[in-house]
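A short write-up of the structure that comes next.
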Amino acid sequence: MSGPIPYGPAKLLPGDQIRITTNPNTEPFWEAAKEHRLTVCQCADCGHCRMPPSPYCPECSSADVSWPTLPGTGTVYSYVVCNKNPVNGEDYIYVPAVVDLDGAPGTRLNANVTGCNAEDVHIGMKVTVEWTGIQDGWVLPNFRKV
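Here you go:
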């Protein structure tokens, strides 16, 4: 008999186990996340969106950027089902995914997917952002099945 392996509910990694670092290129993204706004680094000259943020536009080499707020929705581009917590090795089902962001063509973000069973996540699935508090007062964008 074939079919999906029954993993159960997809969980988010515990926020108290996640720590980030910022730099001048990434801090605007993380500051917006604290306000529960999903944003992206966009070239202020040619409009090219890029993630991760970088000091210069790969299309036109401009250093001028803007940070538009996105709708907070997207589509699963790729994913994997994991069954061990990467911090302590305990059994723990979570689904890291690459999400195509609505409002920023060609821009993708790595995040976890929840709101459904892990075996139900699929390429093309519509998702919406949800926010997870993590260490040091930062907030992490994750995605939930629509």
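If you use this note's numbering, the sequence shown closes out at 336, no skipped numbers anywhere.
Each residue gets a CB set at the ideal place from its N, CA and C atoms; glycine is no exception.
Give me the Cα-Cα distance between residue i and residue j, rounded to the nearest whole angstrom.
{"i": "R209", "j": "G237", "result": "31 Å"}
{"i": "P242", "j": "Y197", "result": "31 Å"}
{"i": "L228", "j": "P261", "result": "7 Å"}
{"i": "Y284", "j": "G314", "result": "18 Å"}
{"i": "Y269", "j": "P245", "result": "28 Å"}
{"i": "P218", "j": "A308", "result": "31 Å"}
{"i": "G305", "j": "N213", "result": "31 Å"}
{"i": "E320", "j": "A294", "result": "18 Å"}
State buried or exposed for residue i, treating a residue as buried only when at least 16 other CB atoms are found within 10 Å of its CB.
{"i": "V289", "result": "buried"}
{"i": "T259", "result": "exposed"}
{"i": "V311", "result": "buried"}
{"i": "A223", "result": "buried"}
{"i": "P199", "result": "exposed"}
{"i": "V317", "result": "buried"}
Beta-carbon within less than 6 Å of residue i's beta-carbon, same chain only, minus the 5 sequence neighbours each way: which residues are those?
{"i": "S248", "result": "The question names Ser, yet the displayed sequence has Pro at residue 248. So the list is empty, once near-sequence residues are dropped."}
{"i": "R240", "result": "C231"}
{"i": "T297", "result": "V230, C239, M241, L291"}
Short of 7 Å in beta carbon distance, which residues of its chain neighbour residue i, apart from the five on each side in sequence? Order them along the chain.
{"i": "N300", "result": "P286, V288"}
{"i": "K201", "result": "Y282, I283, Y284, T304"}
Does the count of Cβ pairs from the region 310 to 326 and the region 201 to 216 closer than 8 Å reach three?
A contact exists between the region 310 to 326 and the region 201 to 216.
Which parts of the region 238 to 288 are runs of the beta strand (DSSP E), unbroken and 3 residues or longer, counting only runs that do not cross its ends?
Fully enclosed beta strand (DSSP E) runs of 3 or longer: 263 to 269, 272 to 274.
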